[in-house]
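Counting from 1 along the sequence shown, just add 9 to a position and that's the residue number in the numbering used here.
We treat Cβ as the ideally placed atom computed from N, Cα and C, and that holds for glycine.
All values derive from a computational prediction rather than experimental measurement.
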Amino acid sequence: MGRVVRSRDRPGGRGLLLGARGSDPRAVPVGVPAGAGTDPHRGAGSSSRGGASSLRPVTDTAGTAGPPAYDWSAPPEWATPSRLIRVEEHQTSNEWVPKLWQSPDARLLIVDATRGVVPVDERGERLRFVAPVEEYDSARHYLLGTVDAVPYFVMLGDPDESVPGPSGTVRQLTVSLDDLDREIAITAVALINWHRNESFCGRCGTTSEVRKAGFMRVCPNCGNEYFPRTDPAVIVAILDDEDRLLLGSQADWGNRVSVFAGFVEAGESAEQAVHREIAEEVGLSLRDIRYYGSQPWPFPRSLMLGFVARAAGTEINIDNAEISYADWFTRDRLARDMADGTIARPSSNSIAFRLITAWRQGRL
């Protein structure tokens with residue numbers, strides 16, 4: 010049994026394990042009135058701009074499917090084509106987007122980006138939208154795209170005030186929402202977070218202006234253009250020649266384990282990032298690296314790139330800093346240790362869960 014640590018040569022390095030923190034989303038009661046408790050992480054940016062009086066609740070038309078079964082066989086997938094049409098060719102039109110906003114079919118999602126909270130129904134299965142009734146403001150109202158000619162917008166606000174009723178965090182809801190609502194929620198949170206944190210020009214400091222219906226900002230002073238930021242990160246299932254899987258845990262995760270991950274650094278490929286992160290974290294050399302799949306993870310702005318690789322050896326070399334444990338698991342051992350509570354798996358809304366599930370089913 011070994012122990013594993015993050016980057017040894019960079020204190021507080023950028024290695025991570027995905028999907029291992031906290032309990033599974035299904036253990037979180039999302040069907041309770043929002044605002045029932047206090048949240049110490051709630052900041053000034055979460056206040057509503059345009060209160061409940063300017064919003065008219067409507068019935069969601071984004072889909073009807075309920076949550077997937079809570080088992081190992083149905084992790085979230087991101088390989089199918091998106092139903093959300095991102096209409097980039099029309100985003101520059103000064104007339105087209107306001108007309109979409111005024112459409113009787115338009116749907117507006119209110120997002121508290123500080124907490125990542127969105128309004129949902131009492132079962133946490135459907136997003137709750139409102140019909141936009143105030144005047145369109147390109148600085149606050151962003152077009153996510155259209156679905157079957159229905160336009161979907163997002164704005165920063167407080168769902169507790171603007172859309173009274175149940176709400177939940179996107180991190181919790183990615184398991185229970187159907188594919189379309191999940192994509193809308195994740196896109197909305199990612200876009201709102203970007204605007205909330207990047208309102209000033211990075212070159213000259215001038216307040217920038219919104220363009221392309223929310224998918225670009227431009228500095229009126231120096232002309233600098235910039236776009237929603239996405240930070241690529243790699244996550245890898247490491248197998249040995251006996252088909253065992255390497256799992257690890259950080260010191261503050263309790264008994265929860267996951268596969269290994271880390272951010273891609275400037276100037277390196279995703280495959281090079283896999284080699285570097287695993288060498289730093291567990292001292293292993295890898296071979297036969299192959300791509301598995303990806304997942305958007307807007308907490309706050311990551312894109313997880315999943316890989317599978319074989320370890321050239323099995324000796325784990327770690328120094329017990331931030332990550333406290335790592336070991337090789339057979340399928341029988343993983344099932345046994347989970348059954349008796351020795352370890353807990355990653356949350357089922359993560360690509361870490363997908364990778365472990367695929368290995369358990371012999372699909373890696």
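A Cβ-Cβ distance of about 7 Å is found for the pair Y161 and L118, placing them in contact under the 8 Å criterion. Residue environment analysis places G276 among the exposed positions, since fewer than 16 neighbouring C-beta atoms fall within 10 angstroms of its C-beta. At the C-beta level, F316 and V219 stay beyond 8 Å of one another.
Here L293 carries a coil assignment [DSSP, helix/strand/coil]. Taking a C-beta distance under 8 Å as the contact criterion, R319 and D297 qualify as a contact pair.
The alpha-carbon separation between T196 and T239 amounts to approximately 11 Å. Residue environment: R253 is assigned as buried (16 or more neighbouring CB atoms within 10 Å of its CB, all protein chains considered). Every alpha helix (DSSP H) stretch that sits fully inside the region 231 to 309 and reaches 4 residues is listed by chain position as 279 to 291. Nearest Cα to W87 within the set T351, S303, E324: S303. Cβ contact annotation for R340 (same chain, cutoff 7 Å, sequence separation greater than five): R369, in chain order. Contact annotation: the region 208 to 222 does not touch the region 249 to 265, with fewer than three C-beta pairs closer than 8 Å.
Only residues of its own chain outside the window of five on either side were considered, and among them S294, R296 have a CB closer than 6 Å to the CB of A321, listed in chain order. Inclusion of E286 and V243 in the CB contact set at 8 Å is warranted, their separation being smaller than that value.
The criterion of a C-beta distance shorter than 8 Å is not satisfied by I201 and A148.
The region 182 to 199 makes contact with the region 130 to 146; the number of CB pairs closer than 8 Å reaches 3 or more. Remark: C-beta atoms of P168 and P141 do not approach each other more closely than 8 Å. With a 10 Å radius around the Cβ and a threshold of 16 neighbouring Cβ atoms, Q181 comes out buried. Look at T366 here: in three-state DSSP terms it is helix. In the displayed model, G315 falls within a strand according to three-state DSSP.
Sorting I365, A348, D349, D346 by C-alpha distance to the C-alpha of P355 places I365 at the top. Relative to F338, the option among T323, I332, I327, N329 whose CA is nearest is T323. With a threshold of 16 other beta carbon atoms within 10 Å, T178 meets it and is buried. By the C-beta density criterion, F236 is exposed, having fewer than 16 other C-beta atoms within 10 angstroms. Look at T155 here: in three-state DSSP terms it is strand. Distances from the alpha-carbon of Y301 to those of R265, R372, A288 put R372 closest. S278 is classed as exposed because its beta carbon has fewer than 16 other beta carbons within 10 Å across all chains shown. L153 sits away from L109, with the two beta carbons spaced by 8 Å or more. Rounded to the nearest angstrom, the gap between the Cα atoms of A199 and P309 is 7 Å. The DSSP-derived three-state label of E97 is helix. Out of N358, V184, W203, the CA that lies nearest to the CA of S267 is found in N358. Taking C-beta atoms as the reference points, P305 and L312 count as a pair closer than 8 Å. Here DSSP, grouped into helix, strand and coil, assigns R212 to coil. A320 sits in a strand when the DSSP states are folded into three classes. Of V120, D346, I247, the smallest CA-CA separation from R299 is found for I247. DSSP, read as helix, strand or coil, puts G223 in helix.
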